[in-house]
Amino acid sequence: MVYAVEVDNLVKRFGEILALDGLTFKVDEGKIYGLIGPNGAGKTTSLRIMSTLILPTAGSATVFGRDVVHKASEVRRLISYLPEEAGAYKNLSGYEYLQFMGKFNSDDEDDLKAMVEDAAAISGLGERLRDRVKTYSKGMKRRLLVARALMHKPNCSFRRADQRLRRFAFLSCSWHNQTVRGETRRHCAAFQSQHA
Ligand SMILES: Nc1ncnc2c1ncn2[C@@H]1O[C@H](COP(=O)(O)OP(=O)(O)O)[C@@H](O)[C@H]1O
Ligand SMILES: [Mg+2]
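Heads up, the sequence shown is in the working numbering, so the first residue is 28 and it goes up one at a time.
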């Protein structure tokens, strides 16, 4: 059986700092998976390795059976990564932002149109998508970014859990919950969160 994500004895060193010391876990397809730990535990480092952004020092990680080091370009086609510090272009409207980002995923006009419509629906932002991103609240920006991360229907999405979730039970925010549950019918979503 092929796991959505399989991490085996992953080690990452930054000079003297041992950021990951033999991390091992498996995630089945269709599951939401949380990485929870205090600051400095290695959550971001492991997501960055799984997203092919940095190389592990030792050990392996695969996404749907593709090694993140040796099959990095195949892995990139299967995933989306929404980094903590992601920002949207503030002078664009939400629609313009989704269109702009969609062009990275497809040249086909019909494809792009369908992708943007999907993302618009996922965002739940309705008419506000016509307004500039700089007028959005923090929560609205986050919705837009999550919609962007899911617009090309990745098989696996990596992102940081919404800050608000920390105050409730894990993944209890309803919009996020519904969005992620819906997406995991097709995908695996991996999350990280911090200790409250
Ligand atoms: N680029 C880097 N260079 C040096 N040390 C790093 C780098 N990235 C992370 N670290 C260190 O690796 C450890 C794990 O960090 P990180 O993965 O960001 O943890 P978390 O996301 O769980 O808070 C920390 O000690 C951090 O300082
Ligand atoms: Mg982190």
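Even glycine gets a Cβ: it sits at the ideal position worked out from N, Cα and C.
Put simply, of Ala147, Thr162, Arg103 and Lys39 the residue whose alpha carbon is nearest the alpha carbon of Thr84 is Lys39.
Residue ranges of uninterrupted alpha helix (DSSP H) with 4 or more members, entirely inside the stretch 115 to 181 and ordered along the chain, are 121 to 129, 136 to 150 and 165 to 177. Ala68 has its Cβ nearer than 7 Å to a heavy atom of ligand 1.
Taking the Cα positions, Leu139 is about 20 Å away from Asp158. Comparing alpha carbon positions, the residue from Ala174, Lys98 and Arg75 closest to Thr206 is Ala174. One alpha carbon belongs to Tyr30, the other to Lys53, and they sit about 7 Å apart. Put simply, of Ser73, Lys58 and Gly92 the residue whose alpha carbon is nearest the alpha carbon of Gly49 is Ser73.
Counting every other CB atom within 10 Å of its CB across the protein chains shown gives Ser164 a total below 16, marking it as exposed. Inclusion of Leu47 and Ser107 in the CB contact set at 8 Å is not warranted, their separation being larger than that value.
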